[in-house]
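Heads up, the thing below is written out as structure tokens.
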Amino acid sequence: MLRLPSSWTWDFWLIRDESTYHLFFLKASRALHDPDRRHLRATIGHAISEDLRSWTEVADALVPSDAPAADDLAVWTGSVIRDDQGGWWMFYTGVARREHGLVQKILAATSTDLMTWHKRPGLVLEADARWYEKLDDDGWHEEAFRDPWVARTSTDGPWQMLITARDKDGAPDNRGVVGVATSSDLRSWQQQAPLTLPGAGFGHLEVLQAEVVNGRAVLIFSCPTAALSGERRARGQRGGIWYALTDGKQAFNIDEARRLTNETVYSGRLIQDPTTAWSLLAFRNLDESGAFVGELADPVRVAWSNDGARLELIDAPDDWLPQRQQR
């Protein structure tokens, strides 16, 4: 567990270097008093652990740039990978003052040791209007293009970036898609049509992670009740951490996504613990009264059901379970 006395923490991403886990996370001062104000004050913190349970905070990784810049207001969720030369890359989200924080862009920083990061100001991706909704489309309250998840598609294949994005077409509450861009060198990226179709019942799919868990591909993402489509909410569905599987026809079948948790926790990440067993990490989002918490929870093991159809939590806290409803 990681609870900072001076800051709330929320979205996060991890990378393991030998025996050490590096946790990068969004943080904002508790002196703001109102946690809803945290998003436009966010910086990227850093902590390390050997067991995913006991964390030591180290120097922050990134803060907003001096204006004018694509990240001169706040820095948001990303991912870290190691390149072919052994260097580290962090792809992250930035929002700018000139756009009042409403337009999200993807930026990059590099490091030789995971501790000191240097931004690469020439690398900025923004939503391509050929496929993705822009702020001027008036379909949503922001231009969603964030939470880059970068990984190799195969051992020697191109790099693939999965992106929280919205399709340019469809009902405004139902345009959430998995955006995608590819690169051969991490420096130049080509956007493509989204991996998934709109109309799956989500306004957005946040904090994406594609993983292979014990031989089976799975996509994990988060979506709160407020960002579900009206149709899903009318059926009584609620938000939380979700997962989707492939159906053989498309990368991931978002229509058939299932909840792994309720909204007590959020921003789930799958990671192998020191024994190589798969676990879910998430931040504590809401308490029993519905108030924001803002701290990292301990990992919970995950496994496939006996028939292989469902990803399940093993010995999870009762208040995480999907059948437990929030206020």
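Everything in the sequence shown is counted per full-length UniProt numbering, starting at 1 for the first residue and increasing by one. Where is the CB? At the ideal position from N, CA and C, for every residue including glycine.
Query: On a Cα-Cα basis, can you pick out the residue from Val95, Trp117, Arg37, Gly101 that is closest to alanine 61?; Result: Trp117
Query: How big is the Cα-Cα spacing for arginine 310 and threonine 276?; Result: 20 Å
Query: What is the DSSP secondary structure of tryptophan 55, counted as helix, strand or coil?; Result: coil
Query: Below 8 Å CB to CB, which residues in the same chain sit around glutamine 190 once its five sequence neighbours on both sides are set aside?; Result: Ala181, Thr182, Ser183
Query: Which residue wins for smallest C-alpha separation from alanine 47, given the options Ser279, His100, Phe12?; Result: Phe12
Query: Between which two residues does the alpha helix (DSSP H) carrying threonine 231 extend?; Result: Reading off the sequence shown, one finds glutamate at residue 231, where the question assumed threonine. Unbroken alpha helix (DSSP H) run through glutamate 231: 230-234.
Query: Quick one: is aspartate 113 buried, meaning 16 or more other Cβ sit within 10 Å of its Cβ, or exposed?; Result: exposed
Query: For a test of the three-state rule: what should DSSP assign to glycine 118, helix, strand or coil?; Result: Reading off the sequence, residue 118 comes out as histidine, not glycine. The answer is strand: DSSP assigns histidine 118 an E or B state.
Query: Give me, in chain order, the residues of the same chain whose beta-carbon lies closer than 6 Å to that of glycine 268; leave out the 5 immediate sequence neighbours on both sides.; Result: Ile220, Ile241, Leu280, Ala282
Query: For leucine 135 versus glutamate 126, is the C-beta spacing smaller than 8 Å?; Result: no
Query: Ordered along the chain, which non-local residues of its own chain (more than five positions away) have a Cβ less than 6 Å from that of lysine 119?; Result: Ala109
Query: Would you say the segment 296-311 touches the segment 223-236, given that touching needs at least three Cβ pairs under 8 Å?; Result: no
Query: When you compare only the Cα positions, how much space is there between phenylalanine 292 and tyrosine 266?; Result: 11 Å
Query: Rounded to the nearest angstrom, how far is the Cβ of leucine 162 from that of glycine 203, given a contact under 8 Å?; Result: Actually they are not in contact, since the Cβ atoms of leucine 162 and glycine 203 sit about 17 Å apart, beyond 8 Å.
Query: For the beta strand (DSSP E) containing phenylalanine 283, name the first residue and the last one.; Result: 278-286
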